[in-house]
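Numbering (the numbering used here), first residue to last: 61 to 445. Glycine is no exception: its CB is placed at the ideal position from the N, C-alpha and C atoms. None of these values were measured; they are calculated from a predicted model. Only one structure is covered here, and it is reproduced in the block below.
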Ligand SMILES: Cc1ncc(C[n+]2csc(CCOP(=O)(O)OP(=O)(O)O)c2C)c(N)n1
Ligand SMILES: [Mg+2]
């Protein structure tokens with residue numbers, strides 16, 4: 061028997077506005093109205109500025125570890141711009157720009173990295189999940205959330221973000237398998253920034269693209285220039301339309317680069333060449349839009365100066381709100397997870413101010429009970445609860 065072709069495919073790479081200012085009119089015309097483009101640009105600048113603010117907060121001991129988003133602003137922003145307000149956006153930890161576009165308050169993100177649980181309380185009507193740090197968990201949640209929406213008769217989709225490194229986690233493959241076999245409408249977006257901390261993506265995967273990871277699950281797959289806002293908008297538009305109409309998942313690889321360290325706990329100069337970083341600085345997503353808008357007379361230095369003034373104030377206000385929040389009543393962290401607290405957690409909550417967490421208060425010596433009650437009263441008086 062002759063050998064026949066069992067399966068043949070190709071993966072498109074989409075680029076609309078490149079770093080040299082070339083613009084593909086055929087794909088890009090009318091994609092983003094000028095007024096929106098200005099707002100999207102301002103959102104990227106504001107997000108980049110907050111990165112610097114957060115870095116300095118960490119270095120001065122006012123924040124825990126923080127992962128900068130610098131260089132990757134156009135990926136999540138493109139998706140947030142396209143998605144419907146009631147679609148789920150289920151992200152990792154480098155998608156601030158998209159989350160802010162959807163209305164997540166900046167102080168929520170700051171509070172999260174300051175170690176305050178209240179930063180994870182995302183407003184219900186924003187359809188976003190809290191930041192995920194354990195790699196891979198969020199893709200499964202995206203599939204589950206959208207499956208639930210289908211039971212409710214909603215045509216809501218989810219768009220979930222994860223890194224090149226996270227796409228080697230078992231959870232990623234389980235989520236893809238689950239979504240494709242059960243036909244769950246999830247747009248999977250892999251942010252390939254070439255590094256998973258100090259592991260280069262060429263060690264992480266031997267395949268020429270990350271996009272092809274979706275092929276084995278029967279998904280339509282595309283690769284885009286993730287530093288090109290027009291291309292990310294175009295790709296998410298196409299993928300989300302397909303996914304909403306068919307009810308099936310799709311896959312996008314956004315090729316981008318983190319210009320900063322992995323987090324404030326990392327020093328990327330120890331494993332990355334300066335030449336590589338410089339080459340990516342020249343492909344900066346923000347500069348690209350600014351040059352494009354300037355050439356089209358939509359932007360000038362005076363507008364930039366006014367924007368920076370506004371952004372500095374907005375971000376300083378966000379820091380003030382995050383740092384000015386009253387210390388939590390310590391029993392509050394039992395409130396978020398359950399509608400009805402299970403008995404063992406009730407016991408923990410009621411005994412948490414003692415030195416024997418979780419122990420039945422009646423078994424504590426009377427002076428320990430007294431001391432616990434006193435500590436409670438002091439804490440409540442101090443914080444006005
Ligand atoms: C399950 C799990 N394993 C390991 C880690 C530690 N860790 C945090 S970020 C990271 C690298 C992630 O790389 P990638 O998915 O490419 O995302 P990027 O940071 O490049 O955006 C690792 C290994 C973790 N958070 N969770
Ligand atoms: Mg990565």
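Just mark residue i as buried or exposed, buried being the case when its beta carbon has 16 or more other beta carbons within 10 Å.
i           : result
residue 180 : exposed
residue 188 : buried
residue 253 : buried
residue 360 : exposed
residue 108 : buried
residue 258 : exposed
residue 338 : exposed
residue 172 : buried
residue 245 : buried
residue 397 : exposed
residue 31  : An answer regarding residue 31 cannot be provided, because it is not within the stretch 61 to 445 covered by the chain.
residue 406 : exposed
residue 125 : exposed
Excluding the 5 residues preceding and the 5 following residue i in the sequence, name in chain order all residues of the same chain whose CB lies nearer than 6 Å to its CB.
i           : result
residue 378 : 166, 167
residue 128 : 111, 320
residue 83  : 77
residue 287 : 134, 316, 343, 345
residue 236 : 277
Where residue i and residue j are concerned, what is the direct C-alpha to C-alpha distance, given to the nearest angstrom?
i           : j           : result
residue 462 : residue 220 : Residue 462 lies beyond the range of the chain shown here (61 to 445); nothing can be said about it.
residue 88  : residue 150 : 27 Å
residue 305 : residue 232 : 23 Å
residue 278 : residue 116 : 45 Å
residue 218 : residue 408 : 36 Å
residue 261 : residue 333 : 15 Å
residue 62  : residue 243 : 35 Å
residue 91  : residue 195 : 33 Å
residue 380 : residue 86  : 46 Å
residue 289 : residue 216 : 24 Å
residue 318 : residue 358 : 28 Å
residue 135 : residue 204 : 23 Å
residue 441 : residue 391 : 14 Å
residue 67  : residue 336 : 36 Å
residue 297 : residue 376 : 34 Å
residue 292 : residue 285 : 7 Å
residue 137 : residue 65  : 39 Å
residue 80  : residue 294 : 19 Å
residue 183 : residue 212 : 20 Å
Leaving out five residues before and five after residue i in sequence, what residues of the same chain have Cβ atoms less than 8 Å from its Cβ?
i           : result
residue 267 : 273
residue 271 : 71, 250, 281, 282, 283, 311, 312, 313
By Cβ distance below 7 Å, which residues in the same chain neighbour residue i in space, the five residues on each side in sequence not counted?
i           : result
residue 105 : 346, 367, 371
residue 142 : 293, 296, 297, 300
residue 227 : 250, 270, 273
task: May I have a chain-ordered list of the alpha helix (DSSP H) segments no shorter than 4 residues that lie completely inside the stretch 302-326?
output: none
- request: Any chance you could list the residues with Cβ under 6 Å from a heavy atom of ligand 2, keeping chain order?
  value: In chain order, the residues that have a beta carbon nearer than 6 Å to some heavy atom of ligand 2 are 223, 224, 225, 253, 255, 256.
In chain order, each beta strand (DSSP E) run of at least 3 residues that lies wholly inside the stretch 259-299: Runs found: 281-285.
Segments assigned alpha helix (DSSP H), at least 4 residues, entirely inside the stretch 176-224: 197-211
query: What are the start and end residues of each continuous alpha helix (DSSP H) run of 4 or more residues lying completely inside the stretch 344-432, in chain order?
result: 345-355, 361-384, 403-411
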